[in-house]
Amino acid sequence: MELQQKKYLITGMTPNAGGIEAFIMNFLRYSDRKKLHFDFIVNFEETIAFEEELLDYGCSIYRLPGRKKHPIFHYIQYFRFFKTYAKVYDGIYCNLLSLTNIDDMRFAYKNRIPNIIAHAHNNNDVENPCLGIRPFLHKLHKKRVIKSSTLLLSCSESAGKWMFGKDTSFQVINNAIDLGKFVFSELDRNIIRRKNNIDPSTLVLGSVGRLETQKNPLFLIDIFYHVKQICHDSMFLHIGNGSFYDEMKKKIARYHLQDSYILLGSLEDTSPFYSAMDVFLFPSLYEGLGISLIEAQANDVVCFISDTIPEEAILIENKCFSFPLSMPAVDWAKKILQQEDLIKKERRDNFTLISDKGYDVKTEIKKLERIICNEKNKANYT
299 MELQQKKYLI TGMTPNAGGI EAFIMNFLRY SDRKKLHFDF IVNFEETIAF
349 EEELLDYGCS IYRLPGRKKH PIFHYIQYFR FFKTYAKVYD GIYCNLLSLT
399 NIDDMRFAYK NRIPNIIAHA HNNNDVENPC LGIRPFLHKL HKKRVIKSST
449 LLLSCSESAG KWMFGKDTSF QVINNAIDLG KFVFSELDRN IIRRKNNIDP
499 STLVLGSVGR LETQKNPLFL IDIFYHVKQI CHDSMFLHIG NGSFYDEMKK
549 KIARYHLQDS YILLGSLEDT SPFYSAMDVF LFPSLYEGLG ISLIEAQAND
599 VVCFISDTIP EEAILIENKC FSFPLSMPAV DWAKKILQQE DLIKKERRDN
649 FTLISDKGYD VKTEIKKLER IICNEKNKAN YT
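Count along the sequence shown starting at 1, add 298, and that's the number in our numbering.
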């Protein structure tokens, strides 16, 4: 007997091609479209990341007003939308950085959507003041999310415990990637370096992440400034966009790094850039897991990360160095340059090693697909 296709609403897409967006796109690309169809709820008027590809797949994109800008209109439109479309969908899949806004889940529950999935992608919320309203809302909504969700998922143990509570059961879905795309390529290295006027012998540091507080982007400039003082023939490639862009530009100019620190903006395909790098930096204040760190390790780049990154994200231990954020930028720079011999080593193919640790997208998405299609996960509204 042929299974009926299940229709899901997906939340979490933004205009920035970040980690959640990469996860969602991998889910879409590698799931069986005969079994699952995805449509999207977004709170942005502007084009979201991968929008053209989503439309090519036949996905609908529903633009609903954000709560912050249009609170009254937001609730009116959400009420109308779920009243109209709730019966069309088998489930809603909410990709969460925190529980400060759970309107998608709340309206889905009120309108009795059969499957409500909450997926944790973060393990902290330090962007907000300790006594501010957002941490309070996160704590307040925790019980409601646990009660209304039919399935709790997380990108890591630490993210799940922070999002849902230490005593709550959830399943970990690895932030798996298309490993074949991220294996080191000499051709990609030469092309990217040539396009950015970088000599083959130049030491290239890089990072992939939003220009937001969580990713600690200004600290990256500090680290590179001190690297540059010691190793003059060095460059930095930074992929990502965000609210810190203008401040980044000013700081780069203040340090006279305009010719060596390149802000590349948000890119839908970051894979060739890892091959151009010699060093990958990831000094985040907190991370659910860090999908770009997985990508960098697949490429066999030497990685220098903050000790806030979950341990399960460290897959290649002899090429991944962890430091406290309290350590000054100058010391990060010295530690990086002390690994000169390792940095110059020929890159390996880490496909099998990382696949064996559960980060091959084709395997992990099939696992997620089986979980979602399991009829036992349906809500009981009686």
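A virtual CB, placed ideally from N, CA and C, is assigned to each residue, including glycine.
- Taking each of Met546, Lys549, Ile607 and His372 in turn and checking the Cα distance to asparagine 341, the smallest one comes out for His372.
- Methionine 533 is a Cβ neighbour of valine 502, given a cutoff of 8 Å.
- CA-CA distance, phenylalanine 321 to asparagine 473, rounds to 7 Å.
- Between the alpha carbons of aspartate 605 and leucine 623 lies a distance of about 7 Å.
- Its chain contains Phe649 as the residues whose beta carbon lies nearer than 8 Å to that of glycine 478, once the 5 sequence neighbours on both sides are disregarded; these appear in chain order.
- Looking at the backbone, the Cα of serine 467 and that of isoleucine 550 are separated by about 45 Å.
- The Cβ atoms of alanine 347 and asparagine 314 sit closer than 8 Å to each other.
- Sequence-distant Cβ neighbours of threonine 312 in its own chain, meaning closer than 7 Å and more than five residues away, are Glu319, Phe342, Ile346 and Ala347.
- Phenylalanine 468 carries a coil assignment under DSSP once its states are collapsed to helix, strand and coil.
- DSSP places alanine 347 in no alpha helix (DSSP H); its state is neither H nor E.
- The segment 351-384 is shown to contain whole alpha helix (DSSP H) runs of 4 or more residues at 369-383, in chain order.
- Looking at the DSSP output, asparagine 413 shares a beta bridge with Gly389.
- In the structure shown, the three-state DSSP call for lysine 632 is helix.
- The criterion of a C-beta distance shorter than 8 Å is satisfied by tyrosine 376 and phenylalanine 405.
- Judged by DSSP in its simplified three-state form, leucine 334 adopts strand.
- Lysine 305 is bridged by DSSP to His335.
- Using a Cβ distance threshold of 8 Å, glutamate 593 and tyrosine 572 count as a contacting pair.
- Non-local beta-carbon contacts of glutamate 349 in its own chain, meaning distances under 8 Å to residues more than five positions away in sequence, involve Ile359 in chain order.
- The beta carbon of histidine 536 sits closer than 6 Å to the beta carbons of Ser505 and Leu561 from its chain, once the five residues preceding and following it are set aside; these are given in chain order.
- Pairing glycine 538 with leucine 509 gives a Cβ-Cβ distance under 8 Å.
- With contacts defined by Cβ atoms closer than 8 Å, proline 608 and serine 454 form a contacting pair.
- Leaving aside the five residues that flank aspartate 388 on each side, the residues in its chain whose CB is nearer than 7 Å to its CB run, in chain order, Lys304, Lys305, Tyr306, Pro412 and Asn413.
- In this structure, glutamine 469 keeps its C-beta atom at 8 Å or more from the C-beta atom of isoleucine 603.
- The beta carbon of valine 386 lies closer than 8 Å to those of Lys305 in the same chain, with the five residues before and after it left out.
- Proximity of the segment 541-550 to the segment 652-661 falls short of the contact definition, fewer than three beta-carbon pairs being nearer than 8 Å.
- Between the alpha carbons of arginine 410 and alanine 384 lies a distance of about 7 Å.
- Taking a C-beta distance under 8 Å as the contact criterion, isoleucine 475 and isoleucine 612 do not qualify as a contact pair.
- When the five nearest sequence neighbours on each side are left out, the beta carbons in the same chain lying within less than 8 Å of the beta carbon of leucine 516 are those of Phe542, Glu545, Met546 and Lys549, in order along the chain.
- Residue burial is scored here from C-beta neighbours: arginine 487 has at least 16 other C-beta atoms within 10 angstroms and is therefore classed as buried.
- Cysteine 618 has its alpha-carbon roughly 18 Å from the corresponding atom of glycine 656.
- Bridge partners of cysteine 618 according to DSSP: Cys601.
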